[in-house]
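*Asks:*
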Amino acid sequence: MSVLKVNICGVEFKNPVITASGTFGYGLEYARFIDISKLGGISVKGISYNEVRGNPMPRIMETTSGMLNAIGLQNVGVHKFLKEKLPLLRKYDTRVIVNFWGKTIEEYVQVAEILDNADIDMLEMNISCPNVKEGGIAFGSDPSMTAKVVSECRKAIRNKPLLVKLSPNVTDIKPFAKACEDSGADGISAINTLLGMAVNIHTRKPYISNVTGGLSGPAIKPVAVRMVHEVSKVVKIPIVGMGGIIRWEDAAEFFLVGASAVQVGTANFVDPELTLKIVDGLEKYAKSQGLSNISELTGKVDLSK
Amino acid sequence: MKGIILKNERLNDKYRLMEIESPEFAQTAKPGQFVMVKTGLQDYLADPLLRRPFGVVDVRGNTFRLLYMLVGKGTRLMTESPAGSVIEFSSSLGNGFKSVKNQNIALAAGGVGIAPLLWIAKLLKDDGCRVTLYFGGRNQEDIILADEFRPHIDKLIITTDDGSIGEKALVTAPFEKDAAGFDRVYACGPKRMLQAVSEICVKGGVPVDVSLDERMACGMGACLGCIIYVREGEETVQKRCCVEGPVFDGSKVVWESVCR
Ligand SMILES: Cc1cc2nc3c(=O)[nH]c(=O)nc-3n(C[C@H](O)[C@H](O)[C@H](O)COP(=O)(O)OP(=O)(O)OC[C@H]3O[C@@H](n4cnc5c(N)ncnc54)[C@H](O)[C@@H]3O)c2cc1C
Ligand SMILES: Cc1cc2nc3c(=O)[nH]c(=O)nc-3n(C[C@H](O)[C@H](O)[C@H](O)COP(=O)(O)O)c2cc1C
Ligand code: FES
């Protein structure tokens, strides 16, 4: 499968298909159903310093070709993750990316320091969750705040590459991507969920207790493709593209606009085997295009008239 | 997994019964478990996007059955999947009802909540239990599969809101009168009904297992969209309805958080 082998920020992945944070639990949930060793990598559910119980129910609602979620970054906390989840996950032959967040810059740094010394392959900093008031989005919606939190974490992280995951809930994503690169990020993940809302016309109440939620799934793909394209125009560091990928063709689109790897999120709910089908599809496609490696596709969108 | 739809039978305007052939599934499923289902049309359209959870009615040879109520887009597409077409589904998910021997058992069902109770009724009866089914619905249309139950139960008590069949009452009314006499109760139906049944059981000191419905995205424990709250000692803990459930000890469920 060398045609699919990619190197992202110095880490080699057997293929460029990674499961997106929050949609694949700690990886172990799916191990019963698919061979997770066939995945390029797994980005685990966003980890914070302390355990977080998340938002009240209901937290999810299906929308047209997508879903809204307001899970609220529920997770077991970094210590329990390292003790109870990571050793089990490491038994599989796949790259482990740990998505993390904090309520304050100090907390981001605290979690980053701990993870930097853990047996993981890469960190992914989430500054873009629309479902928690503190942290997350506050750092992802002001470029100077983004620069601050990224550079503080950068100082704390010495051993691992750092991806920063951007929010699409901004008018222009480019300054955020640039701020990340300038502050020492090794790569960009884009995009997180789009802020959305759905109302039950019979009860006149929002379907989700948090009122708004993050929109994901095929419905957001065109927005995500556009944003990855924009990001690729302003940064040189690798981009991990995501948002609505459900077939290998979707993944190929992300490569063309500048992604070096992709993450697959909501599609895992639709069919736990979809990621593996995407790996197969991409391999056949790369070969049929006469590529010696899938990375030759990165940024090759033809914009000529 | 994939299976072939052998039958997709219309029971009335509200309910259908689907029989699916899949030896692999039939060998592994247990009573009270559920399955996430996606039709071929859904696969093609990407709308509706997510799979839909349904309780397993029973397994016979290489086939299993689903009883489904027409609700929205997903169940509409299920009606449009004819016999002979292929349907996709997960393996059997969740924990089921535990089987017991030689006990006096009550089953309490509300509407489509009857779906996961037929199989456990058969097993209980085969294991020497005396089984009484309390079955409530809005009207006659909701009282489905009752005839299939008859060989596997000792007593059937039907209630409807409008009295179109059985007693005009909530299912909890006749159940409450007899509750203290049972060794164990299994219930599935609307959350308010399950709450009422559980409260009656707690009062009478009868163990009660309830099968809960929560909106599910993944059905396999990853998304954390299906959280319910249960008491463990002094603490209130979170459980995923899909993995730690859908069957829970009704006396432990924090009903205020579940009935919203
Ligand atoms: C463990 C479990 C077992 C179930 N067993 C059965 C069964 O045997 N027979 C049956 O008829 N129904 C059952 N349900 C409910 C069934 O899943 C919903 O009626 C169905 O998903 C509705 O889909 P729809 O597309 O027609 O409706 P829509 O309203 O279009 O669905 C929109 C979204 O809401 C979800 N949803 C809607 N109603 C429910 C509900 N009551 N519970 C969970 N999610 C819901 C859907 O899955 C979907 O994601 C069960 C639910 C759960 C959680
Ligand atoms: C239920 C759910 C939970 C999520 N949790 C996280 C999270 O903890 N951290 C994070 O960075 N992104 C989280 N996301 C965002 C996804 O990782 C991904 O960026 C987004 O869903 C878009 O991709 P998709 O359309 O393929 O799902 C979550 C998404 C969903 C649907
Ligand atoms: S439905 Fe996803 S965790 Fe239960």
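Heads up: the sequence lines are chains A and B, in that order. Under full-length UniProt numbering, the first residue of the first sequence carries the number 1, and numbering increases by one thereafter. Under full-length UniProt numbering, the first residue of the second sequence carries the number 1, and numbering increases by one thereafter. Beta carbons: idealized from backbone N, C-alpha and C, even for Gly. Predicted, not measured: the structure shown is a model, and the values here were computed from it.
#1: Is the closest heavy atom of ligand 3 to the C-beta of A:C9 under 6 Å?
#2: Verify the CB distance criterion: does A:V211 have a CB-CB separation below 7 Å to chain C?
#3: Check distances from the C-beta atoms of the region 57-76 of chain A to those of chain B and list, in chain order, the residues that come in under 8 Å.
#4: Below 7 Å between beta carbons: does that hold for B:I120 and B:L133?
#5: Output, in sequence order along the chain, the residues in the region 82-103 of chain B whose CB is closer than 8 Å to any CB in chain A.
#6: Can you give me the C-alpha to C-alpha distance between B:A187 and A:P58, rounded to a whole angstrom?
#7: Measure the CB-CB distance between B:V86 and B:G40 and report whether it falls below 7 Å.
#8: Please name the residue in B:I20, B:Q140 and B:P190 whose C-alpha comes closest to that of B:L6.
#9: Below 6 Å, is the gap between the Cβ of B:G225 and the nearest heavy atom of ligand 3?
#10: What do you get for A:I201, buried or exposed, if any count of 16 or more other CB atoms within 10 angstroms of its CB means buried?
#11: Along the beta strand (DSSP E) that carries B:C188, what are the first and last residues, could you check?
#12: Along the region 76-87 of chain A, where does the CB come closer than 8 Å to a CB of chain B? Name the residues.
#13: Suppose the cutoff is 6 Å on Cβ atoms and the five residues either side in sequence are ignored; what does the same chain contact list for A:I157 look like?
#14: Relative to ligand 4, is the shortest distance from any of its heavy atoms to the C-beta of B:D213 smaller than 6 Å?
#15: At 7 Å on the CB atoms, spell out the chain B contacts of A:F269, in chain order.
#16: With distances taken from CA atoms, which of A:L297, A:K178, A:D172 and A:F254 is nearest A:K148?
#17: Interface residues of chain B around A:T193 at Cβ under 7 Å?
#18: For ligand 1, any of its heavy atoms closer than 6 Å to the Cβ of B:V71?
#19: Rounded to whole angstroms, what is the Cα-Cα separation between B:P246 and B:C218?
#20: Quick check on A:E84: buried or exposed, where buried means 16 or more other Cβ atoms within 10 Å of its Cβ?
#21: Taking the alpha helix (DSSP H) that B:Q27 belongs to, which residues open and close that run?
#22: Would you give the residue range spanned by the alpha helix (DSSP H) that B:A106 belongs to?
#23: Are the CB atoms of A:V98 and A:L82 nearer to each other than 7 Å?
#24: Does chain A have any CB closer than 7 Å to the CB of B:A29?
#25: Does the beta-carbon distance from B:A196 to B:T172 come in below 7 Å?
#26: Determine, for B:I227, whether the minimum Cβ-Cβ distance to residues of chain A falls below 7 Å.
#27: Let me make sure I understand the geometry here. Which of A:E273, A:F254, A:K236 and A:I120 has the alpha-carbon closest to that of A:P222?
#28: Would you identify the three-state DSSP class for A:S216, choosing helix, strand or coil?
#29: Taking 6 Å as the line, does the beta carbon of A:A177 fall inside it for any heavy atom of ligand 2?
#30: Select from B:A115, B:G136 and B:M36 the residue whose C-alpha is nearest the C-alpha of B:E148.
#31: Going straight from the alpha carbon of B:S81 to that of B:K2, what length do you get?
#32: Can you name the residues of chain A whose CB is closer than 7 Å to the CB of B:D213?
#33: How about the region 7-27 of chain B and the region 56-69 of chain B: do they share at least three Cβ pairs that are nearer than 8 Å?
#34: For A:L303, count the other beta carbons within 10 Å of its own beta carbon; 16 or more makes it buried, fewer makes it exposed. Which is it?
#35: Applying the criterion that 16 or more other CB atoms from any shown protein chain within 10 Å of the CB defines a buried residue, is B:R240 buried or exposed?
#36: Taking 7 Å as the CB-CB cut-off, is A:G41 touching chain B?
*Replies:* Reading it off the structure:
#1: The residue labelled residue 9 of chain A in the question sits at position 9 within the first sequence. A:C9: no, Cβ never under 6 Å from ligand 3.
#2: Structure shown: chain C not included; protein chains present are A and B.
#3: Listed by position, the residues of the region 57-76 of chain A near chain B (Cβ gap below 8 Å) are M57, P58, R59, I60, M61, E62, T64, S65, G66, M67, N69, I71 and Q74.
#4: As a working mapping, residue 120 of chain B is identified with position 120 in the second sequence. As a working mapping, residue 133 of chain B is identified with position 133 in the second sequence. Going by C-beta atoms, B:I120 is not nearer than 7 Å to B:L133.
#5: Correct list: E88, S90 and S91.
#6: For the purposes of this step, residue 187 of chain B is identified with residue 187 of the second sequence, where counting begins at 1. For the purposes of this step, residue 58 of chain A is identified with residue 58 of the first sequence, where counting begins at 1. Those two C-alpha atoms are separated by around 22 Å.
#7: Working through the second sequence from its first residue, we reach residue 86 of chain B at position 86. Working through the second sequence from its first residue, we reach residue 40 of chain B at position 40. For the 7 Å CB-CB criterion, B:V86 and B:G40 form a contact.
#8: Numbered from 1 along the second sequence, position 6 holds the residue referred to as residue 6 of chain B. Comparing Cα positions, the closest option is B:I20.
#9: Against the second sequence, residue 225 of chain B aligns to sequence position 225. Checking every heavy atom of ligand 3 against the Cβ of B:G225, one is found closer than 6 Å.
#10: Position 201 of the first sequence, counted from the start, is the residue given in the question as residue 201 of chain A. The residue in question, A:I201, is exposed, as its Cβ has fewer than 16 Cβ neighbours within 10 Å.
#11: Sequence index remark: in the second sequence, residue 188 of chain B carries index 188 (1-based). Run containing B:C188: R184 to C188, per the beta strand (DSSP E) assignment.
#12: So nothing in the stretch comes that close.
#13: What you label residue 157 of chain A is simply residue 157 of the first sequence in a count that begins at 1. Taken in chain order, the residues that qualify are A112 and D116.
#14: The model depicted lacks ligand 4 and carries ligand 1, ligand 2 and ligand 3 instead.
#15: Here residue 269 of chain A is taken as the residue at index 269 of the first sequence, counted from 1. Those are L50, A217, C218 and C223, listed as they occur along chain B.
#16: Translated into the one-based positions of the first sequence, residue 148 of chain A becomes position 148. Taking only the C-alpha atoms, the option nearest A:K148 is A:K178.
#17: Residue numbering aside, residue 193 of chain A sits at position 193 when the first sequence is read from its first letter. Taking a Cβ-Cβ threshold of 7 Å, none of the residues of chain B is close to A:T193; the smallest such distance is about 13 Å.
#18: As a first step, residue 71 of chain B is located in the second sequence; it is residue number 71 there, counting from the start. Correct: B:V71 has its Cβ closer than 6 Å to ligand 1.
#19: On the second sequence, position 246 is the one that residue 246 of chain B refers to. On the second sequence, position 218 is the one that residue 218 of chain B refers to. One alpha carbon belongs to B:P246, the other to B:C218, and they sit about 14 Å apart.
#20: Residue 84 of chain A sits at position 84 when you count from the first residue of the first sequence. So A:E84 counts as exposed.
#21: The residue labelled residue 27 of chain B in the question sits at position 27 within the second sequence. Annotation for B:Q27: the continuous alpha helix (DSSP H) segment containing it runs P23 to T28.
#22: Translated into positions along the second sequence, residue 106 of chain B becomes position 106. In this chain, B:A106 is not harboured by any alpha helix (DSSP H); it is covered by the beta strand (DSSP E) spanning N104 to G110.
#23: Against the first sequence, residue 98 of chain A aligns to sequence position 98. Against the first sequence, residue 82 of chain A aligns to sequence position 82. No, Cβ-Cβ distance for A:V98 and A:L82 is not below 7 Å.
#24: The count along the second sequence starts at 1 and reaches residue 29 of chain B at position 29. No - not a single Cβ of chain A is within 7 Å of the one on B:A29.
#25: As a working mapping, residue 196 of chain B is identified with position 196 in the second sequence. As a working mapping, residue 172 of chain B is identified with position 172 in the second sequence. Yes; because the gap between Cβ atoms is below 7 Å, this pair is in contact.
#26: For the purposes of this step, residue 227 of chain B is identified with residue 227 of the second sequence, where counting begins at 1. With its beta carbon less than 7 Å from one in chain A, B:I227 belongs to the interface.
#27: Position 222 of the first sequence holds residue 222 of chain A. The shortest C-alpha separation from A:P222 is found at A:F254.
#28: Sequence index remark: in the first sequence, residue 216 of chain A carries index 216 (1-based). It is a strand residue.
#29: The residue labelled residue 177 of chain A in the question sits at position 177 within the first sequence. No, since every heavy atom of ligand 2 falls outside the 6 Å radius drawn around the Cβ of A:A177.
#30: Taking the first residue of the second sequence as position 1, residue 148 of chain B is located at position 148. Measuring from the Cα of B:E148, the nearest candidate turns out to be B:A115.
#31: On the second sequence, residue 81 of chain B is found 81 positions in, with the first residue counted as 1. On the second sequence, residue 2 of chain B is found 2 positions in, with the first residue counted as 1. B:S81 and B:K2 have their alpha carbons spaced roughly 14 Å apart.
#32: If you number the second sequence from 1, residue 213 of chain B lands on position 213. Result: empty, since nearest Cβ-Cβ is about 12 Å, beyond 7 Å.
#33: Output reads yes: the region 56-69 of chain B touches the region 7-27 of chain B.
#34: Start at 1 with the first residue of the first sequence, and residue 303 of chain A comes out as number 303. A:L303 counts as exposed, since fewer than 16 other C-beta atoms from the protein chains shown sit within 10 angstroms of its C-beta.
#35: The count along the second sequence starts at 1 and reaches residue 240 of chain B at position 240. Buried, by the Cβ-count rule.
#36: Here residue 41 of chain A refers to the residue found at position 41 of the first sequence. So, not an interface residue.
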